[in-house]
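Take a look at the structure below.
Protein chains: 2
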Amino acid sequence: MSVSTKPASGFRDFLPADTARREYVFQIIEEVYQSYGFERLDTPCVERLDTLMGKYGEEGDQLIFKILQRGEKLQRALESESPSDTDLADMGLRYDLTVPLARVYAQNRNSLPRYFKRYQIAPVWRADRPQRGRFREFVQCDVDVVGSKSMTVEAEVTAALAQILKRLEFQGFRIHLNHRGVLRALISVSGIGADKETDALVAIDKLDKVGIDGVQKELDERGISAASSATLLGILSKFKNPSDAEFSNENTLSLLEEHLGSDEDGRQALSELSELLSLAKSGPAAASLKLDPFLARGLSYYTGPIFEIRSDDFSGSLGGGGRYDGLIGMFMKEDVPACGFSLGVERILVLLEERQQLQIPSANADVMVALWDADSAPECIKLAHELRASSLRVDIYNDFDKYKKQFAYADSRNIPFVAILGPNELANSVVSVKNLKTGEQSEVARREVAAFIKG
Amino acid sequence: MSVSTKPASGFRDFLPADTARREYVFQIIEEVYQSYGFERLDTPCVERLDTLMGKYGEEGDQLIFKILQRGEKLQRALESESPSDTDLADMGLRYDLTVPLARVYAQNRNSLPRYFKRYQIAPVWRADRPQRGRFREFVQCDVDVVGSKSMTVEAEVTAALAQILKRLEFQGFRIHLNHRGVLRALISVSGIGADKETDALVAIDKLDKVGIDGVQKELDERGISAASSATLLGILSKFKNPSDAEFSNENTLSLLEEHLGSDEDGRQALSELSELLSLAKSGPAAASLKLDPFLARGLSYYTGPIFEIRSDDFSGSLGGGGRYDGLIGMFMKEDVPACGFSLGVERILVLLEERQQLQIPSANADVMVALWDADSAPECIKLAHELRASSLRVDIYNDFDKYKKQFAYADSRNIPFVAILGPNELANSVVSVKNLKTGEQSEVARREVAAFIKG
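Chains L and H, in that order, are what the protein sequence lines are.
The numbering of the first sequence is our numbering, which starts it at 1 and goes up by one.
The numbering of the second sequence is our numbering, which starts it at 1001 and goes up by one.
Pasting the structure below:
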């Protein structure tokens, strides 16, 4: 057989042991989101290409999996001179869950509540080069509130995230917090023009990876004047490598105030951050929120507070989000304020597995019914139905093999009990129940088998 | 704004009221599957094109959504002379869940148990022309057992399906049951050669829609001799429009025995059907299994028993399945017996909605915390966290509006209670709780609010 049986490159199969862990984690996330009043939204995996294109920057657009046109339309596209990928394709796999949310909100605005609080736990696709730990299909767990500019939104979203990580027994994570207005003000007071704002943002975003010197180089290359970069880096360097004790959120706030207080954007941003910290003070995120003037986050659609989950014991982030008051306006005539977070659940799953954290409830059956021969098989199947009626998960063995072989099979499946109803048991109106942990075999009255197994 | 905000043609958004119903139904299906010892498998939405092509017949291959090549590979494909869609695309969206199962089984055979009993509840895609009730993305709920030829497999699979339909409060459904060996024998004893078997099957499959005359015409057109079609239709007409009482499964079996008993395939098939009926006799499917010598089912990969769910009060089927002992052999060196069923859950959801069947638990919050002003907001958020810690689902209102407006909002969201913690309440160490059903407002000690709401 020449056909490969592997999944496509960058895609994964999840066998039952994996899906049990994954579903367990998804369910915890879903429970927490629901406890905050978020409701589930499902959007199609496939979107019109014009919905997706132009929302993620040039690099993002390249990473959208595009779906080939069909029939006549494909023929027509092929007949045109040097057709591009957007001629050959009409739809694409969604790249994230935020742009579909914006589209759905614009489409259903009139039937949606004033505050649209939705979560979505679903796969997204990116045509990235596959590598260790980077997949082309992965699940995102998003939570967003559309319809309010209030910092209570940020407080609730960050609290829900912290609560999820606590339920998943993560220790010592931090929610890094910054504000696009702080970054804009930083850039402005450094004398960098609005036309170079994005360039400066991209450079600052790399501080963690390339250090002050690297950022300096990047700013030079992007044509920002020496005087401006000196001012910008001068301010930023005051926050670099401080001891935690010295740099409480209060200290960071007042240091920012000192440098940015002259800028209106800066004052507004600092007042929002201060309000958010006060609203979060007594909630699950209180101890985790960490003001970080370096945090920039790549996506261009953020407008207000931005956040990202990090921890010392893993590199990179477990998810990020922020306020994007302009994105929905790309789909309708007016801007609608919105803020959300996307939890990188694949990464969380890898960490949980590495740490063997969490007691995942067994996905296996509670009992297996053995088979002896064709004559007794119908009664064995009937017994299985009886036990299911008592809320047990019941597997049956499907062929007529020696009991020893059947016990070994059940044991290999981690099924704790085997129920036997052969000719002897039928003659005596009992069921033999084998406990595979103790090896003990007991004769039990048929109507008492379920209770016996439940212990 | 010129961008459409509709989903792509043939695709659907599910707003929270829809997702609540859908998730509730999926959960019932999942619970029943698990109670039969089935475990969850997840496979990627995207498969290599060579995994998908050639498994569904020519018509099926046409309906696979194909994913455009990227970068250099796309350029190379475009430079070739008259590139076909399989040159331009390397992957596709899965068309069903059975072929991916076969691939996964072949790939993981050594680590899988002797009986691989898996379910999968997941979307599939077909590039069909969208029309009322026919979508291009829809969820299938599949259950399959790989690794046994025993009719206990068919008995368990059909029992699980019947149990799901009962839990969903469907009345009067039937599981139509036939066997590919019965059809093969019918064709053989009618003197139709093996080379015309598929043609005859396709014709028989249309009996329900086009009647005996239509099938006659189809057989003629497909070059089957007049004598052979007369024999075939002569046998089939004995089963046409019988009263139910006259045509019990026993009667159908003996009539088939009478006509097909001379054929070895036929004898084997009838003995398997008879065994299945006996194994199912005391289970949830017992009253629903209905032998139907006309049932053919389109897919070419079926080899043994085949089934389909129907009912008088809707046209078409709610799902179908059967034994396919040859499919996995397309992916590995040896054949592995397998049997499964695919439940058409989208159709079930439409019917449930039309009938307003099932009490779906509310997806809304149990209580909404109102906001008064910036000073009291942190304490309101804290109250929300306290109530969540008591396992309540708690929404908060996000802006500072008049309470009357906030009550109206909560009421429109079907949230039964509003908790108020304004300056007065804070001064008196109480919380005001408004019951929106009765209109009654009560002052409650803060630590008793959760208990008060839970009633």
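Each residue gets a CB set at the ideal place from its N, CA and C atoms; glycine is no exception.
Every value quoted in this text rests on a predicted model; they were computed, and no experiment measured them.
By DSSP, does residue i sit in helix, in strand, or in coil?
| i | result |
| --- | --- |
| H:V1449 | helix |
| L:F417 | strand |
| L:Q27 | helix |
| H:A1238 | The amino acid at residue 1238 of chain H is misidentified as Ala; the sequence shows Lys. Three-state result, H:K1238: coil. |
| H:I1187 | helix |
| L:V153 | helix |
| L:S432 | strand |
| L:P305 | strand |
| H:K1166 | helix |
| L:A200 | helix |
| L:V182 | helix |
| H:S1035 | helix |
| L:L78 | helix |
| H:R1022 | helix |
| L:Q131 | strand |
Using a Cβ-Cβ distance cut-off of 8 Å, determine whether residue i contacts chain H.
| i | result |
| --- | --- |
| L:F11 | yes |
| L:G455 | no |
| L:A377 | yes |
| L:T231 | no |
| L:S390 | no |
| L:I396 | yes |
| L:I28 | no |
| L:S399 | The question names Ser, yet the displayed sequence has Asp at residue 399 of chain L. It does; some Cβ of chain H falls within 8 Å. |
| L:P423 | no |
Using beta carbons (cut-off 8 Å, strictly below), is residue i in contact with chain L?
| i | result |
| --- | --- |
| H:V1104 | yes |
| H:C1141 | no |
| H:T1005 | yes |
| H:A1451 | no |
| H:R1393 | yes |
| H:P1242 | Low confidence applies to H:P1242: its pLDDT is 48, below 50, so where it sits in the model is not reliable, and the reading given next is rough at best. Answer no: the Cβ-Cβ gap between H:P1242 and chain L never drops below 8 Å. |
| H:A1020 | yes |
| H:I1306 | no |
| H:I1381 | yes |
| H:A1008 | yes |
At 8 Å on the CB atoms, spell out the chain L contacts of residue i, in chain order.
| i | result |
| --- | --- |
| H:A1365 | G37 |
| H:P1016 | E39, R40, L41, R118 |
| H:A1127 | R70 |
| H:L1279 | A377, P378, I381 |
Against residue i, what residues of chain L qualify as contacts under a CB-to-CB distance less than 9 Å, listed in chain order?
| i | result |
| --- | --- |
| H:V1433 | Ordered by position in chain L, no residue passes the 9 Å Cβ test against H:V1433, which lies about 17 Å from the chain. |
| H:H1385 | A159, Q163, S282, G283, P284 |
| H:Q1034 | A363, A365, R393 |
| H:S1300 | Neighbours of H:S1300 on chain L: none; closest Cβ ~17 Å, over 9 Å. |
| H:P1123 | P44, C45 |
Taking residue i as the query, report the chain H residues whose CB atoms sit under 9 Å from its CB, ordered along the chain.
| i | result |
| --- | --- |
| L:K66 | I1067, L1068, R1070 |
| L:E137 | P1044, C1045, V1046 |
| L:I420 | The premise fails here: L:I420 is roughly 15 Å from chain H at the closest Cβ pair, so nothing lies under 9 Å. |
In chain L, which residues lie with their C-beta within 7 Å of the C-beta of residue i?
| i | result |
| --- | --- |
| H:E1023 | R40 |
| H:D1373 | Per Cβ cutoff of 7 Å: no residues; H:D1373 is ~12 Å from chain L at best. |
Strictly below 7 Å CB to CB, what residues from chain H border residue i?
| i | result |
| --- | --- |
| L:D411 | Result: empty, since nearest Cβ-Cβ is about 11 Å, beyond 7 Å. |
| L:L74 | D1085 |
| L:D50 | V1003 |
Residues of chain H with CB closer than 8 Å to the CB of residue i, please, in chain order.
| i | result |
| --- | --- |
| L:P83 | L1078 |
*Enumerated in chain order, which unbroken segments of the alpha helix (DSSP H) with a length of 4 residues or greater are wholly contained in the segment 1343-1415 of chain H?*
1345-1354, 1377-1389, 1403-1412
*Write down every uninterrupted run of the alpha helix (DSSP H) in the segment 84-122 of chain L whose length is 4 residues or greater and which is fully enclosed by it, in chain order.*
85-88, 98-108
*Which of the residues in the segment 1145-1163 of chain H, read from start to end, lie with their CB under 9 Å from any CB of chain L?*
V1145, G1147, S1148, K1149, S1150, M1151, T1152, V1153, A1155, E1156, A1159, Q1163
*Which residues, in order along the segment 330-354 of chain L, keep a beta-carbon less than 7 Å from a beta-carbon of chain H?*
F331, M332, K333
*Members of the segment 1087-1115 of chain H near chain L, C-beta cut-off 7 Å*: L1088, A1089, M1091, R1103, V1104, A1106, Q1107, N1108, P1113, R1114, Y1115
*asked:* As an exercise, report each continuous alpha helix (DSSP H) stretch of at least 4 residues that is fully enclosed by the segment 1209-1288 of chain H, in chain order.
replied: 1226-1237, 1249-1260, 1264-1280
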